[in-house]
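Asks: Below are the structure tokens for one structure; questions will follow.
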Amino acid sequence: MDAAGLRARLTSPGSKRILLPKVVDESTDRVWKLTDFEIGRPLGRGKFGNVYLAREKESKYVVALKVLQKNQLRKANVEYQLRREIEIQSDLNHPNILRLFGYFYDDKRIYLIIEYAPQGELYQKLMDVGRFSEPVAATYVYQIAQGLLYMHQRHVIHRDLKPENLLLGYNGQLKLADFGWSVTSHNVRRRTLCGTLDYLSPEMVDNLAHDERVDIWTLGVLMYELLVGTPQNVLSST
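Its first residue numbered 1, the sequence shown is counted upward by one per residue in the UniProt record's numbering.
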């Protein structure tokens with residue numbers, strides 16, 4: 001679907017035909033609606049809406065349902081950013097990337113059907129233990145690198161890697177999440193300053209053109225943080 005088609009879908013009532021994983025629906029191209037899900041406890045709250053634990057009624061498959069308020073998205077002028085996030089994340093299918101299975105919507109809200117990561121944020125786990133041993137940190141860094149390699153081969157830059165955006169699945173497998181600042185590069189260097197200050201690469205700080213290598217810089221910052229417990233304070237060390 002092109003950007004114009006996605007824009008039309010997100011600004012009018014309706015639903016997107018999607019396929020959830022095989023454990024949910026293997027053979028039918030189904031149109032989803034809110035009544036297809038049992039809504040559970042809140043998993044998180046954000047500026048534009050909330051995330052809830054949910055279960056698809058027929059298959060009993062558990063997902064995270066992100067509920068976004070259209071009026072808040074319009075007010076903040078981030079509708080295009082959301083469209084881009086949906087387009088990018090829904091096309092990514094890798095064990096170390098959180099799946100976006102699809103979306104549906106009504107007059108007031110947009111609902112994103114997302115893979116549930118029951119062990120939560122890597123950030124919270126790091127806060128609980130203070131820092132990780134070298135073998136544990138190496139395992140996480142390897143999994144981040146595998147996700148990035150897959151993305152970069154498809155010309156996708158994440159641009160906002162940090163422990164809060166790294167989630168842990170059922171078996172503790174790390175998954176890259178939150179693609180709100182992600183873009184496709186296709187050999188075009190970007191100039192948007194975005195992300196979180198502690199993890200910004202030098203070219204982004206200097207407002208220079210950048211490419212997928214900004215994610216590699218951030219991976220180095222993350223490796224330091226996982227071993228030490230806090231990101232390196234570059235400003236105080238220069």
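Ideal placement from N, C-alpha and C gives every residue a C-beta, glycine not left out.
1) Indicate whether the contact test is met: 3 or more Cβ pairs, each with one atom in the stretch 92-100 and one in the stretch 37-57, closer than 8 Å.
2) Alpha carbon to alpha carbon, how far is Q153 from Y142? Give it in angstroms, no decimals.
3) When burial is assigned at 16 or more other CB atoms within 10 Å of the CB, is M151 buried or exposed?
4) Suppose you measure from the CA of F104 to the CA of K33; what does that come to, to the nearest Å?
5) Between G169 and A117, is the Cβ-Cβ spacing less than 8 Å?
6) Let me make sure I understand the geometry here. Which of L176, G220, T184 and V221 has the alpha-carbon closest to that of E115?
7) Which of helix, strand or coil does DSSP assign to R84?
8) Counting only the same chain and skipping the five closest in sequence on each side, list residues whose C-beta sits under 6 Å from that of G130.
9) Could you tell me the alpha carbon to alpha carbon distance between V31 and K47, rounded to whole angstroms?
10) I'd like the span of the alpha helix (DSSP H) that includes R213, first residue to last.
11) Give me the Cα-Cα distance between L65 and Y140, rounded to the nearest whole angstrom.
12) Among residues of its own chain, excluding the 5 on either side of H94, which ones have a beta-carbon nearer than 7 Å to its beta-carbon?
13) Between the C-alpha atoms of P135 and N165, what's the straight-line distance to the nearest angstrom?
14) Going along the chain, which residues of its own chain have a beta-carbon closer than 6 Å to the beta-carbon of L126, five neighbours each way excluded?
15) Apart from the five residues just before and just after Q232, which ones in its own chain have a Cβ nearer than 6 Å to its Cβ?
16) Please name the residue, chosen from D160, G44, D178 and E58, that lies closest to T35 on a Cα-to-Cα basis.
17) Is it true that the CB of L219 sits closer than 8 Å to the CB of I144?
18) Verify whether the separation of the beta carbon atoms of S182 and R159 is less than 8 Å.
19) Look up I144 in the DSSP assignment and give the residues it is bridged to.
20) Do you know offhand how far V78's Cα is from L167's?
21) Using only the alpha-carbon positions, how far apart do S133 and G120 sit?
22) Between the beta-carbon of L222 and the beta-carbon of L161, is there less than 8 Å?
23) Cutting at 8 Å between CB atoms, please list the residues of its own chain near L68, excluding the five before and the five after it.
24) Give the secondary structure of L92 by DSSP, where H, G and I count as helix, E and B as strand, and everything else as coil.
25) How would you write the range of the beta strand (DSSP E) that K175 sits in, first residue to last?
26) Alpha carbon to alpha carbon, how far is V156 from T184?
Replies: By the coordinates alone:
1) no
2) In the sequence shown, residue 142 corresponds to position 142, counting from 1. In the sequence shown, residue 153 corresponds to position 153, counting from 1. Distance between the alpha carbons of Y142 and Q153 is about 16 Å.
3) Taking the first residue of the sequence shown as 1, we reach residue 151 at position 151. M151 comes out buried.
4) The residue given as residue 104 occupies position 104 in the sequence shown. The residue given as residue 33 occupies position 33 in the sequence shown. Those two C-alpha atoms are separated by around 7 Å.
5) In the sequence shown, the residue the question calls residue 169 occupies position 169. In the sequence shown, the residue the question calls residue 117 occupies position 117. Taking 8 Å as the Cβ cut-off, G169 and A117 qualify as a contacting pair.
6) Residue numbering aside, residue 115 sits at position 115 when the sequence shown is read from its first letter. Among L176, G220, T184 and V221, the Cα nearest to that of E115 is on L176.
7) In the sequence shown, counting from the first residue as 1, residue 84 sits at position 84. R84: helix per DSSP, three-state reduction.
8) Here residue 130 is taken as the residue at index 130 of the sequence shown, counted from 1. Hits under 6 Å: G229.
9) Here residue 31 corresponds to residue number 31 of the sequence shown, with the count starting at 1. Here residue 47 corresponds to residue number 47 of the sequence shown, with the count starting at 1. V31 and K47: Cα-Cα distance of roughly 28 Å.
10) Within the sequence shown, numbered from 1, the residue matching residue 213 stands at position 213. Residues R213 to V228.
11) As a position in the sequence shown, residue 65 is number 65, starting the count at 1. As a position in the sequence shown, residue 140 is number 140, starting the count at 1. Near 26 Å, if we compare the C-alpha coordinates of Y140 and L65.
12) Numbered from 1 along the sequence shown, position 94 holds the residue referred to as residue 94. The answer, listed in chain order, is G147 and Y150.
13) By 1-based counting over the sequence shown, the position of residue 135 is 135. By 1-based counting over the sequence shown, the position of residue 165 is 165. Taking the straight line from one Cα to the other gives about 21 Å.
14) The residue you call residue 126 lines up with position 126 of the sequence shown. Result list for L126: P163, in chain order.
15) On the sequence shown, residue 232 is found 232 positions in, with the first residue counted as 1. Cβ within range, chain order: Y224.
16) Here residue 35 corresponds to residue number 35 of the sequence shown, with the count starting at 1. The candidate whose alpha carbon is nearest that of T35 is E58.
17) One-based indexing of the sequence shown puts residue 144 at position 144. One-based indexing of the sequence shown puts residue 219 at position 219. Result yes, Cβ atoms of I144 and L219 sit closer than 8 Å.
18) Stepping through the sequence shown from its first residue, residue 182 is reached at position 182. Stepping through the sequence shown from its first residue, residue 159 is reached at position 159. Yes, Cβ-Cβ distance for S182 and R159 is below 8 Å.
19) Counted from its first residue, the sequence shown places residue 144 at position 144. For I144, which the question treats as bridged, DSSP gives no partner whatsoever.
20) Residue numbering aside, residue 78 sits at position 78 when the sequence shown is read from its first letter. Residue numbering aside, residue 167 sits at position 167 when the sequence shown is read from its first letter. The alpha-carbon atoms of V78 and L167 are separated by roughly 24 Å.
21) Position 133 of the sequence shown holds residue 133. Position 120 of the sequence shown holds residue 120. The straight-line gap from Cα to Cα measures roughly 20 Å.
22) What you label residue 222 is simply residue 222 of the sequence shown in a count that begins at 1. What you label residue 161 is simply residue 161 of the sequence shown in a count that begins at 1. Going by C-beta atoms, L222 is nearer than 8 Å to L161.
23) Within the sequence shown, numbered from 1, the residue matching residue 68 stands at position 68. These residues qualify, in order along the chain: F48, G49, L82, R109, I110, Y111 and L112.
24) Residue numbering aside, residue 92 sits at position 92 when the sequence shown is read from its first letter. The answer is coil: DSSP assigns L92 none of H, G, I, E or B.
25) The residue you call residue 175 lines up with position 175 of the sequence shown. Run containing K175: L174 to L176, per the beta strand (DSSP E) assignment.
26) Translated into positions along the sequence shown, residue 156 becomes position 156. Translated into positions along the sequence shown, residue 184 becomes position 184. Computed Cα separation, rounded: 4 Å.
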